[in-house]
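Start counting at 1 in the sequence shown, then tack on 554, and there's your number in the working numbering.
Backbone N, C-alpha and C define an ideal beta-carbon position, used for all residues, glycine too.
A quick note: this is a predicted structure, and the numbers were derived from the prediction, not measured.
Notes for the one structure printed next.
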Amino acid sequence: MKIVIFGPPGSGKGTYASRLFDLIKTPHISTGDLVRQEIKDRTETGKKIEAYTRRGVLVPDDVVIELLKKRISQPDCASGFILDGFPRTIPQAEALGKISPIEIVINLDVPDEVIIERLSSRLTCKSCGEIYNRRFLKPKVEGICDKCGGQLYTREDDKPEVIRERLKTYQRQTQPLLDYYKERKLVENVRNTEVAVPPEIIVSKIMKIINARR
Ligand code: ADP
Ligand code: ZN
């Protein structure tokens, strides 16, 4: 199945997508992770896009579309994928529609104050990208990823000034996409108004929606 997990930064896209991968064995593709990998590897693309990410604004469409195309042409994506952080603009959605039309959009509907609270204490694994939270979703051992033993760190763009900018970017450029997908009858809403809900509860809601459509 081809699934998009949609929602503002900090709504839990990555947290739920990685757990869905464990349940339905469909690869989880985070364009944020793809972007950070390019930057870490100091590739030509990485050098070009670093400044955007640091400011909390979107990387140009053509660059991110190229990264996504490359990733979904891998054999493990043949029968589907879970997209997290893509598409984020109408041109990206149109490009995706041409390459590989998606079947369902899970919209994570989370209020701003919850998002800010979560992002300001978020931790990310340096090696595998798994997401934790210093207060609400702690790793078993402080500073260490449960999954791969990698080191946890605070992302450069999880600082208050950049968080605010990312939320603005979301409202301006990404939220309008919801109408695009609503018109196509692909959107399923999952509302979550609390900061510290165990991910399993939301994941089981998402699983019900997916199973009903399969
Ligand atoms: P979050 O959803 O928590 O803001 P991501 O890890 O998805 O964070 O993305 C981090 C940054 O990577 C974004 O702020 C943006 O600069 C870049 N990025 C990720 N996905 C896209 C995309 N689809 N289009 C443009 N830029 C993107
Ligand atoms: Zn890890």
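Runs of beta strand (DSSP E) with 3 or more residues, each lying fully within the stretch 605-638, are found at 635-638, listed in chain order. By the Cβ neighbour-count rule, residue 572 is buried, with 16 or more other Cβ atoms within 10 Å of its own.
Bounds of the alpha helix (DSSP H) holding residue 765 are 753-767. Per DSSP, residue 690 lies in no alpha helix (DSSP H) and is assigned neither H nor E. Distance between residue 614 and residue 630, taken at the CA atoms: about 26 Å. Counting every other CB atom within 10 Å of its CB across the protein chains shown gives residue 567 a total of 16 or more, marking it as buried.
For residue 675, the CB contacts under 8 Å within the same chain, skipping 5 residues up- and downstream, are 687, 688, 689 and 690 in chain order. Residue 656 sits in coil when the DSSP states are folded into three classes, being neither helix nor strand.
Comparing C-alpha distances from residue 565 to each of 735, 660, 763 and 708 shows the shortest one belongs to 660.
Residue 742: member of the beta strand (DSSP E) spanning 741-745, first to last residue. With fewer than three CB-CB distances shorter than 8 Å, the stretch 632-639 does not count as touching the stretch 595-606. Taking the Cα of residue 668 as reference, the smallest distance to any Cα among 639, 612 and 746 is reached at 746.
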